[in-house]
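These protein sequence lines are chains E, S and C, in that order. Those letters in the first sequence? Residues 2 to 708, by our numbering. Those letters in the second sequence? Residues 201 to 363, by our numbering. Those letters in the third sequence? Residues 51 to 162, by our numbering. Here the structure is laid out as structure tokens; the discussion comes afterwards.
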Amino acid sequence: MTQSDQNNNIDLNQFNQVFFEECAEHLAEMEQILVSLPDEGPDEEQLNAIFRAAHSIKGGAGIFGFQDMTVVTHVLESLLDRMRNHEIPFSTAMVDLFLEAGDVISMQLAGHRDGAFVRQEAIEQISAKLQQVIDAGSLDAPAGSASAAMIPVPEEIAQSGTVASEHSDQRYELVFTPDPDIFRRGIRLENLFAELEELGELTVTAGLPATTDFNSIDPEICVCSWRMTLVTTAGEADIRDIFEFVADLDQLQLRTVSENVREISASDDSKAIATVTPPENTRLMPTGESAADPAGAATGRRAYDKNELAAGAYGRRTSEAESSIRVGVTKVDQLINQVGELVITQLMLAQTATVLDPVLHENLHRSLLQLERNTRDLQQSVMSIRLVPISIVFSRFPRMVRELAAKLGKQVELKTVGDTTELDKGLIEKITDPLTHLVRNCMDHALETPEARIAAGKEPCGTITLRASQIGGRIVIDVIDDGAGLNRAKILAKAAERGIPASDNMSDEEVWQLIFAPGFSTAECVTDISGRGVGMDVVLRNVQSMSGRVNISSEPGNGTRVTISLPLTLAILDGLSVAVGQEKFIIPLNSIVESLQPAPESLKTVNGGNVVHVRGEYIPIIALYELFNMDALVKEPGKGILILIDVEGEKAALLVDALLDEHQVVIKSIETNYRKVEGTAGATILGDGRVALILDVNSLFRMRKQK
Amino acid sequence: MQTGQELIGKNGTGVASEYLTFTLGSEEYGIDILKVQEIRGYDTVTHIANAPEFIKGVINLRGVIVPIVDMRIKFKVGVPSYNEFTVVIIMNVLGRVIGMVVDGVSDVVALSGDQIKPAPEMGAAMDTDYITGLGTLNDQMLILVDIEKLMSSEEMQVMEQVN
Amino acid sequence: MNTEAGESLKTCLDGECSMSTVAGKYPALMNCLARLLDSGASGERNDCSTSGALLVDLTGVTDIDACGCQLLALFLSGLKQNNISAQLTNIPDTIRSKIHFLGFDSEFNLSH
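Laid out in structure tokens, this is it:
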């Protein structure tokens, strides 16, 4: 018992995680719909979608015992329900109210998930506000505008009750055999049953296993099963939906007993017919089938979703459930590892086969070629599992832009292009902050006020465009504004003021690069929107940590374009392999400027350190063998090869014995089984199965300074 | 009808644990067999910059980077030679996979509690802190190593020290 | 929990009867069953069904959930297996409606 108690929390968290994820998805969906609403208000499908998101969160929260989360969602749901029934008209101010409610629910979610602080007064405030709207019957005081915002209601829709009764009731028989852990998971069955009861007429009967020795039970383990009959107009998908969080497919058996209950109840011997239903009417229905079932799809939950398959309608939940599965990232990474292994094995095979006579072993060679193609394809497919569309990041901006524009008194339109462009999940997480910063910068600094824009002969409304695309092996993200453009004179003056080296005869491109210097900010006043000490230097550093690059182009009066270019995935790196003594190292290609064999006259000594003179610059030489205390064939800079590297403007020349090859390598962690190795950013496995360390150029600079 | 009283017999004290025995120089050591993942020959390692001498480097074990430590260098026993007979014991210690170079692997033996005596203060190349006891088997002394304690110790420098 | 010997045996449950408390209530119920068996309430005597009826008094129960219902149902079934008949009594209305809602009417021999 004590042992299972200990496991309890862990188990619970694991199950709750599913709810947290789903809940976050519902919130995101709600927000996405809200910010994209046209001025005339939501159409019926959008309203339904918002309603169902709120409803699902409420239901899940109730079942999982997060009672506090049901408070706000309940009021929200009631209000939305009234709106769907056209009892309360939509007004644009409601969007903000709903967004605020969404934020409060997010806060509560974070409270349960991460133990984040929850402001109780915010919960009370928003609940009160929503309730007020319900009580008042509209948000806007002037009755005229309220009625104007009302969408004309066709008679039959206004009376949703009659719509429901037009669909014939169905009698479902459910057998629910829950997970033995269901009590421990904190699931409240009473709330689950209450959800079901909302659909229609419900009877529940609990059953125990035939023989149980009372002395050897675990009272927290569920051994009961429940038989239910539900008479409802709702489809089976709706019923399955309610069990979404609590039951696996095999834990819920669901079947229709009769197509039309009324016919049966008209018969005298209803019970007999109900139990001796002809087999063709008695179907077990797995979720996968449900969306295809016309009856289920047409009669939505509580019969309010006219067409579940319509775009934006809430059919998403069920139709997507059958086409996707949730898999842990560790499982995917394991798969990627194993495929990486396969690629190495294939390389080794290919290497071995090179010594065999191509004519005598023609078949073998052909098969090996086929194997190579297959492994490459497999690797690409597996890598693509980790890819997610950038719309996940882009979707957070409409709301931010909307709010900032209001705050700044600017008119801004946000356009996104290439939402479906995919990049690695790890990159998605890291790119969010830099992009947020860039968009804030555009809003705050780049775009002018409507008056200034009109004075400059432009449209009063400015445009920010987020554009993502895949170009070759890289993902390119542009943040484009049609604002005033960068001001060359101002940047130069600022640089001088801040002691950043700059000169008037720098090219535009070089001048733009100055804004990436630490501590640089051209804003005339520091606002709370941007310029809080974090500048473009942070953006640059973040992007570089993802092996990415940032470029700026700008035209005075016409706007600025910031271009971020990223590798497709974090798991693979373009590198150059070099030899030092017996070892091989990988140098990331994005930090390499060039490699050269130095002429004797270009090598100098400064304060005992070797430097190389390249195009007017003296660049310090880092001898890798020295830094790593190892043996090398070449110890004289003049006899080896120098690789010029440049990271954030800091330059150095690495001395190596020889250049070997350029390739894409799979990045592996050394820290999994060992500790961090200074000067490296991980390791990779070469074609011969040996390990090579990947150099971290930044940390090489640090090591050199320490020596 | 029983009234909830359990009738489970008590186990004796003679539960035997199994140990993998190996030699370092002239001494015979044993580690808990459950910590051993596999035994393989010594392959070329990739050296790690600025690591202590007894950390030979890292190898690729089916796609996983595994550090290799040479106990003979660490405890100054035997002659660190590397040939086709050199053996690496791949272990699973505290969730990490670590390889340990030894002079040879001898046997798997079962020792019961009464066959294990507490270790005296001295006598082995290894610090007594890492020795759980001395086992006797056919007149031969076996030094039983607490491999988790050893590998996580600061002096091995295999794991990041948490302060 | 106390069990009174007498004309008809009686045991009381009180407080919250839910997932968070079943672990505490279970040993007491087990104990109760054991004592009933020791006292010979069950057995081969044919009149046991009348003289050995146990009343389970729920007056003091403040809340019940599915897990609590299950424990009670398992207890009643344990009694039945030993030929001890039992009846729930003094069920507060709120508790009764919860029992009904959770589908335990037939397990508890209640009519609604």
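Even for Gly, the Cβ is constructed at its ideal location relative to N, Cα and C.
Spell out whether any CB of chain E is found under 8 Å from the CB atom of Glu360(S).
-> It does: the Cβ of Glu360(S) has a partner Cβ on chain E nearer than 8 Å.
Ile316(S) and Leu294(S) look like a contact to me (Cβ under 8 Å); what is the Cβ gap, rounded to whole Å?
-> Between Ile316(S) and Leu294(S), the beta carbon gap of about 23 Å keeps them out of contact (Cβ cut-off 8 Å).
At 9 Å on the CB atoms, spell out the chain C contacts of Cys223(E), in chain order.
-> Result: Ala116, Cys117, Gln120.
Closer than 8 Å, Cβ to any Cβ of chain S: which residues of the stretch 667 to 693 of chain E, in chain order?
-> Within the stretch 667 to 693 of chain E, the residues whose Cβ lies closer than 8 Å to any Cβ of chain S are, in chain order, Lys669, Ser670, Ile671, Glu672, Thr673, Asn674, Tyr675, Arg676, Lys677, Val678, Glu679, Gly680, Thr681, Ala684, Ile686, Gly690, Arg691, Val692, Ala693.
CB contact flag (Val73(E), Ala50(E), <8 Å) | Ala50(E) sits away from Val73(E), with the two beta carbons spaced by 8 Å or more.
Alpha-carbon spacing of Ser161(C) relative to Asp155(C), whole angstroms = If I take the Cα positions, the gap works out to 6 Å.
Just curious, the beta strand (DSSP E) that Cys225(E) is in, first and last residue?
-> Run containing Cys225(E): none; DSSP gives neither H nor E here.
Inter-residue CB distance, Ile1(E) and Ile587(E) (contact presumed, cutoff 8 Å) = Residue 1(E) is absent from the structure shown; chain E starts at 2 and stops at 708.
Go through the stretch 106 to 146 of chain E residue by residue and report every complete run of the beta strand (DSSP E) that reaches 3 residues or more, in order.
-> If we require 3 residues or more, the stretch 106 to 146 of chain E turns out to have no beta strand (DSSP E) run fully inside it.
For Glu191(E), go through chain C and note every residue whose CB falls closer than 9 Å to its CB, in chain order.
-> Ordered by position in chain C, the residues that pass the 9 Å Cβ test against Glu191(E) are Asp115, Ala116, Lys148, Phe151, Leu152.
In chain C, which residues lie with their C-beta within 8 Å of the C-beta of Val205(E)?
-> Within 8 Å of the CB of Val205(E), the CB atoms of chain C belong to Phe151, Leu152, Gly153, in sequence order along the chain.
Just reading off the beta strand (DSSP E) that Asp82(E) is part of, what are its end residues?
-> Unbroken run through Asp82(E) is the alpha helix (DSSP H), 68 to 85; no beta strand (DSSP E).
Is it the case that the Cβ atoms of Phe184(E) and Met69(C) are separated by a distance below 8 Å?
-> Contact: yes.
Could you pull the start and end residues of the beta strand (DSSP E) that Ser555(E) belongs to?
-> In the DSSP annotation of this structure, the continuous segment of the beta strand (DSSP E) that includes Ser555(E) starts and ends at 550 to 556.
Same chain, Cβ closer than 8 Å to Val287(S), five either side skipped, listed in chain order = Here the set comprises Phe222, Ile239, Arg240, Gly241, Tyr242, Val301, Val302, Asp303, Gly304, Val305.
Since Gln339(E) meets chain S, which of its residues come closer than 9 Å, beta carbon to beta carbon?
-> Residues of chain S passing the Cβ test: Arg262, Gly263.
Three-pair Cβ contact test at 8 Å for the stretch 451 to 462 of chain E versus the stretch 502 to 511 of chain E | A contact between stretches requires three or more CB pairs, one per stretch, nearer than 8 Å, and the stretch 451 to 462 of chain E fails this requirement with the stretch 502 to 511 of chain E.
If you draw a straight line from the alpha carbon of Phe517(E) to that of Asp425(E), how long is it in whole angstroms?
-> Taking the straight line joining both Cα atoms gives about 25 Å.
Taking only beta-carbon atoms, is Phe99(E) less than 8 Å away from chain S?
-> No - not a single Cβ of chain S is within 8 Å of the one on Phe99(E).
Reduced DSSP secondary structure (H/G/I, E/B, other) of Val383(E) = Residue state, collapsed to three classes: helix.
Short-range partners of chain C found in the stretch 396 to 417 of chain E, where Cβ spacing is below 7 Å = Along the stretch 396 to 417 of chain E, there is no position whose C-beta sits under 7 Å from a C-beta of chain C.
DSSP three-state call for Thr112(C): helix, strand or coil?
-> In the three-state reduction of the DSSP assignment, Thr112(C) falls in the strand class.
Stretch-stretch touch, CB-based, cutoff 8 Å, three pairs: the stretch 580 to 596 of chain E with the stretch 619 to 639 of chain E = Yes, they touch.
For Glu157(C), return the contacting residues in chain E, with the cut-off set at a CB-CB distance below 7 Å.
-> Close partners of Glu157(C) in chain E (Cβ separation under 7 Å): Ala207, Leu209.
Close Cβ partners of Leu337(S) (< 6 Å) along its chain, the five nearest in sequence each way excluded | Answer for Leu337(S): Val309, listed in chain order.
Is there a Cβ from chain E that is less than 8 Å from the Cβ of Val111(C)?
-> Taking Cβ atoms only, chain E never reaches closer than 8 Å to Val111(C), which makes this a no.
If you draw a straight line from the C-alpha of Cys225(E) to the C-alpha of Cys117(C), how long is it?
-> Cα to Cα, the separation comes out at about 9 Å.
Would Arg630(E) count as contacting chain S if we go by Cβ distances under 8 Å?
-> The amino acid occupying residue 630(E) in the given sequence is Asn; Arg does not appear at that position. At least one chain S Cβ lies under 8 Å of Asn630(E).
Reducing DSSP to helix, strand and coil, say where Lys235(S) ends up.
-> Reduced to three states, the DSSP call for Lys235(S) is helix.
Does Leu104(C) get closer than 8 Å to chain E when you measure Cβ to Cβ?
-> Taking Cβ atoms only, chain E never reaches closer than 8 Å to Leu104(C), which makes this a no.
Pull out every residue of the stretch 630 to 660 of chain E whose Cβ sits closer than 8 Å to any Cβ of chain S, in chain order.
-> Flagged, chain order: Asn630, Met631.
If you measure from the beta carbon of Ala624(E) to each beta carbon in chain S, is any gap under 8 Å?
-> Not closer than 8 Å to any Cβ of chain S, the Cβ of Ala624(E) fails to qualify, so no.
How big is the Cα-Cα spacing for Ala406(E) and Gly688(E)?
-> Distance between Ala406(E) and Gly688(E), taken at the CA atoms: about 54 Å.
With DSSP collapsed to three states, give me the class of Glu373(E).
-> Helix, per DSSP.
Does the distance from the CB of Leu255(E) to the CB of Leu175(E) come in under 8 Å?
-> Result yes, Cβ atoms of Leu255(E) and Leu175(E) sit closer than 8 Å.
Beta-carbon proximity list for Leu126(C), same chain, < 6 Å, skipping 5 on both sides = Contacts found: Ala136.
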